[in-house]
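Worksheet for the structure shown next.
Numbering (the numbering used here), first residue to last: 2 to 334.
So, in structure tokens, the structure goes:
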């Protein structure tokens with residue numbers, strides 16, 4: 002277990018979200034931080050979170066990532082930042098593009114500048130499989146965000162701040178995702194489950210796995226890389242069957258901005274992709290002032306280049322969950 006966070010101050014943007022709460026709980030239980038700061042804009046969610054998180058090391062800042070001045074105040078004395086704040090709903094972003102841009106792109110830039118200004122040591126930004134070869138606005142804004150965080154390592158210059166990105170797929174049971182949506186339909190006595198397309202596949206990760214991956218990557222990171230975990234895929238029809246065996250499935254068509262399959266390591270980035278035992282790393286496409294060897298990470302794990310044309314795709318993934326495995330996966334989440 003990394004000692005990186007011992008006696009350190011950590012700030013989580015979007016800290017009242019599913020990831021933020023799970024990440025902070027893990028920090029408090031398994032590490033010894035001096036201070037943990039929740040930075041988010043919803044006072045009700047912060048109030049509710051304060052009822053569950055009564056640890057004296059907790060701090061709560063009301064603020065929006067669109068507000069650079071407030072971020073500067075919040076990051077004073079902070080050692081590590083997890084940037085989890087984002088507008089994430091694909092259809093919502095399609096209908097409200099400017100709002101998505103202001104939070105996901107302008108907000109990312111504000112986090113970067115505040116972190117450099119305040120001398121934060123390391124920043125990890127959470128990304129999504131939808132940022133790889135994006136076809137929707139949400140994915141496009143997260144791709145821009147990824148590029149900003151990668152390039153920020155050059156902008157930092159002689160300052161100590163280093164930035165990396167973690168990209169993973171759908172989190173089982175997270176708010177707004179398909180699992181709680183299906184569960185509510187089932188509890189409400191639905192006669193059928195809506196399926197956008199029977200061919201559709203998705204990557205899956207549990208909240209606990211996502212948190213552990215981010216924590217480990219703070220120790221692994223050199224700065225500028227995109228970390229991608231090796232995780233299983235499933236068919237959306239198998240997920241519906243696992244959650245409601247025997248319940249009919251109704252095909253309703255793909256929603257605005259949705260893909261049949263998700264990609265986490267695009268084919269066009271295969272020359273930059275390095276494979277490790279349990280994850281991939283996408284190296285920066287740009288050259289940094291300080292040359293960095295991404296074949297060996299901060300934990301001295303050794304990687305190797307993937308073949309040209311390699312793509313990490315949910316539809317061609319070597320690991321697919323069976324209906325029974327999905328049932329256990331959902332129950333565990």
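Ideal placement from N, C-alpha and C gives every residue a C-beta, glycine not left out. If you're wondering where the values come from, they're calculated on a predicted model, not measured in any experiment.
- Secondary structure note for residue 34: it is in no beta strand (DSSP E), with a DSSP letter that is neither H nor E.
- In this structure, residue 276 lies away from residue 315, with their beta-carbon atoms at least 8 angstroms apart.
- Ranking 56, 209, 65 by CA distance to the CA of residue 15 puts 65 first.
- With respect to residue 196, residue 231 sits apart: the two C-beta atoms are not nearer than 8 angstroms.
- When C-alpha distances from residue 162 are compared across 144, 308, 79, 229, the shortest belongs to 79.
- Bounds of the beta strand (DSSP E) holding residue 81 are 81-84.
- Counting only the Cα atoms, residue 265 lies some 27 angstroms from residue 28.
- DSSP, reduced to helix, strand and coil, places residue 116 within a helical segment of the structure shown.
- The alpha-carbon of residue 41 is positioned some 16 angstroms away from that of residue 101.
- Secondary structure at residue 219: helix, using DSSP grouped into helix, strand and coil.
- A distance of 8 angstroms or more separates the beta carbons of residue 38 and residue 84.
- Each residue's CA atom was taken as its position, placing residue 261 and residue 157 some 38 angstroms apart.
- It is roughly 14 angstroms from the alpha-carbon of residue 320 to the alpha-carbon of residue 280.
- Between residue 117 and residue 82, the alpha-carbon positions lie close to 11 angstroms from each other.
- Contact check between the stretch 140-157 and the stretch 213-229: three or more CB pairs, one atom from each, fall below 8 angstroms, which counts as touching.
- A direct Cα-Cα distance of roughly 12 angstroms separates residue 134 from residue 145.
- Taking 8 angstroms as the cut-off, the Cβ atoms of residue 115 and residue 60 do not count as close.
- In the DSSP assignment, residue 267 falls outside any beta strand (DSSP E) and carries neither an H nor an E.
- Of 303, 246, 326, 160, the smallest CA-CA separation from residue 291 is found for 160.
- Rounded to the nearest angstrom, the Cβ distance from residue 142 to residue 106 is 5 angstroms, consistent with a contact under 8 angstroms.
- Boundaries around residue 74 are those of the alpha helix (DSSP H), 69-75, since no beta strand (DSSP E) includes it.
- Contact between residue 35 and residue 9 is confirmed by a C-beta separation of about 6 angstroms, below the 8 angstroms threshold.
- Residues 327 of the same chain have their beta carbon placed closer than 6 angstroms to that of residue 240, with the five preceding and five following residues left out of the count.
- At the C-beta level, residue 165 and residue 205 stay beyond 8 angstroms of one another.
- Counting along the chain, the unbroken alpha helix (DSSP H) around residue 146 starts and ends at 138-156.
- Beta-bridge annotation (DSSP): residue 298 is not paired with any residue.
- Counting only residues of its own chain and dropping the five nearest sequence neighbours on each side, residue 254 has a CB closer than 8 angstroms to the CB of 197, 198.
- DSSP places residue 185 in the uninterrupted alpha helix (DSSP H) bounded by 179-188.
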